Every structure is written in C-alpha cells, then in structure tokens.
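Numbering (the numbering used here), first residue to last: 7 to 163.
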C-alpha cells in the first residue's frame, strides 16, 4: 500500500540525508520525494511517498518524529488531501503527428513550453495517474526525455 507523508523540517544542511538515511537504514524504499521551502524560509516541506502496511507506516512516523530537525509529521492515509506532480516531457514531432500531439496536449490541459524542428517539450501537471496516462499516450510518438518532480501534497481544508 502506498502512503503519502508530509514532513515539515528545519531548513538546514544534512536534514535530507538524515531522513533518507532513516528510510534506507531500515530497508524502506522511497517511491517519490519532493522538497521545498514553505512560506517560512527556515522550514521546508518534504512530501514522501513510500510503500508498506500500516505497521511499517507507524514505525516510519515514530522514527521521523525522533529526529531533531523534524517539526511535524503528517500521514495523509486517512485524511482528505490534494496532490500534484509536475512532468516535463520531450517528444519527437513532425508535420504528420503534430495535430494529434496538440490535441492530446489540449485534452490533458498540458502546455507546450518549447519547440524545435524535431522536438516538443511539454509541461504537464496533475495527479500521478493523469501524468502517467499522458506519458503512455506520448510513447508512440517517441519520447526523448522525461523529468518528473514526484508528488507534492497538502491536507484539504
């Protein structure tokens, strides 16, 4: 089972290494990790997606709360939350496939951010299932490069 965890941490050198070390030291995998400053520059929000049952999640939460630089840990498992992921994708394009690519981009509310003679770079945001579906539709055109941010999440309300 996938779990999304939000961790507020002090914005100090080495915090990311300590948290990722906590996961690897206990044999837990991080599926996705996104980190950025909050409205307070001394605090960063880490959004971590990991797999495991409820016992593993409870262990992860307890271990995170023991770290000095951790301000707050929130598991979104039983709460309403919103999440998004950003993807940049570079695909091959030509005069024949251009209309089809542009139609898919419009349907998914993505945005073309760069054009060259043979490539389009597209920006796509949404829930990870939407981003993955868009990626699958782009495969037949020839994907040259993909960069994904990983999930960012906040509790609703």
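Note that the Cβ used here is the ideal one computed from N, Cα and C, for glycine as well. As the structure is a prediction and not an experimental result, all values here were calculated from the model.
How many whole angstroms separate the CB atoms of residue i and residue j, which I take to be in contact at a CB cut-off of 8 Å?
i           : j           : result
residue 106 : residue 162 : Their Cβ separation, rounded to whole angstroms, is 36 Å, which puts residue 106 and residue 162 out of contact at 8 Å.
residue 136 : residue 114 : 7 Å
residue 195 : residue 117 : This structure gives no information on residue 195, because the portion of the chain shown stretches from 7 to 163.
residue 93  : residue 141 : 7 Å
residue 48  : residue 42  : About 13 Å separates the two Cβ atoms, so there is no contact after all.
residue 55  : residue 37  : 4 Å
residue 148 : residue 98  : 4 Å
residue 63  : residue 13  : Their Cβ separation, rounded to whole angstroms, is 13 Å, which puts residue 63 and residue 13 out of contact at 8 Å.
residue 46  : residue 67  : At roughly 22 Å, the Cβ-Cβ gap does not stay under 8 Å, so residue 46 and residue 67 are not in contact.
residue 96  : residue 8   : No, residue 96 and residue 8 are not in contact; Cβ-Cβ is about 28 Å, not under 8 Å.
residue 73  : residue 25  : 7 Å
In the DSSP output, which residue or residues are listed as bridge partners for residue i?
i          : result
residue 78 : 14
residue 95 : 128, 152
residue 44 : Note: residue 44 sits in no beta bridge, so no partner.
residue 50 : 15, 43
residue 57 : 8
residue 90 : 158
residue 36 : 56
Counting C-beta neighbours from all protein chains within 10 Å, is the total for residue i 16 or more, i.e. buried, or is it exposed?
i           : result
residue 159 : buried
residue 157 : buried
residue 52  : buried
residue 21  : buried
residue 10  : buried
residue 88  : exposed
residue 130 : buried
residue 16  : exposed
Open item on the list: So within the region 115-158, which uninterrupted beta strand (DSSP E) runs reach at least 3 residues, ignoring any that extend past its ends?
Closed with: 117-121, 125-132, 149-154
TODO: Flag this pair as touching only if the region 145-156 and the region 60-80 have three or more C-beta atom pairs under 8 Å; answer yes or no.
DONE: no
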